[in-house]
Amino acid sequence: MNRILIVDDSFYMRTMLKNMLTDAGYEVVGEAPNGQTALELAKETKPDLITLDVILPDNTGLDVLKGIKADQPDMKVIIVSAVGQEVIVNEAIEYGAKAYIVKPFSEEKVLEVVSQVLAEEPKQ
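Last residue of the sequence shown: 1541 in my numbering, with the numbers rising by one and none dropped.
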């Protein structure tokens, strides 16, 4: 079973993602409302995938992405954000995000992207 960490400052958004992912058979191993907790939980829970919001109360998702990648270079991260500016999307992909989902999103979209990213073989 694939294990997922959800990072979003909105309790509503975390709950919605958690329900979608749990219903689809994934195990949600943690929820983080901010960047600090996200970095700690990424280390502790070693998930297969992290969903990450760009706007967090204590720092930007891109900083968190860099921090996670510095610590766990192979970690699969999907950005889930209401901020869809191309600049930020490109920057996220450059820092190693596997995909970018813009809110509001459909359940189909989330599950499709999550399964695609999890199916990717790690780069040798």
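Quick reminder that beta carbons are idealized off the backbone N, C-alpha and C, glycines included.
Since the structure is predicted, the reported quantities are computational estimates derived from the model, not experimental observations.
Original post:
Using the C-alpha atoms, what's the distance from L1479 back to Y1512?
Top reply: Position 95 of the sequence shown holds residue 1512. Position 62 of the sequence shown holds residue 1479. Each residue's alpha carbon lies about 8 Å from the other.
**OP:** May I ask you to report which of helix, strand or coil DSSP gives G1513?
**Re:** Position 96 of the sequence shown holds residue 1513. Collapsing the DSSP output to three states places G1513 in coil.
**OP:** Helix, strand or coil for V1530, going by three-state DSSP, please let me know.
**Re:** Here the question's residue 1530 lines up with position 113 in the sequence shown. Helix at V1530.
Original post:
In the DSSP assignment, what residue or residues form a beta bridge with R1420?
Top reply: In the sequence shown, residue 1420 corresponds to position 3, counting from 1. For R1420, which the question treats as bridged, DSSP gives the partners E1444.
**OP:** Can you give me the start and stop residues for the alpha helix (DSSP H) that L1479 sits inside?
**Re:** Position 62 of the sequence shown holds residue 1479. That run of the alpha helix (DSSP H) goes G1478 to D1488.
Original post:
Expressed to the nearest angstrom, what Euclidean distance is found between the alpha-carbon atoms of K1460 and P1490?
Top reply: The residue labelled residue 1460 in the question sits at position 43 within the sequence shown. The residue labelled residue 1490 in the question sits at position 73 within the sequence shown. Cα to Cα, K1460 sits roughly 12 Å from P1490.
**OP:** Please go through the same chain and pick out, in chain order, the residues whose beta-carbon is closer than 6 Å to the beta-carbon of L1438, but skip the five residues on each side of it.
**Re:** As a working note, residue 1438 is residue 21 in the sequence shown. Closer than 6 Å at Cβ, skipping near neighbours: I1421 and V1445.
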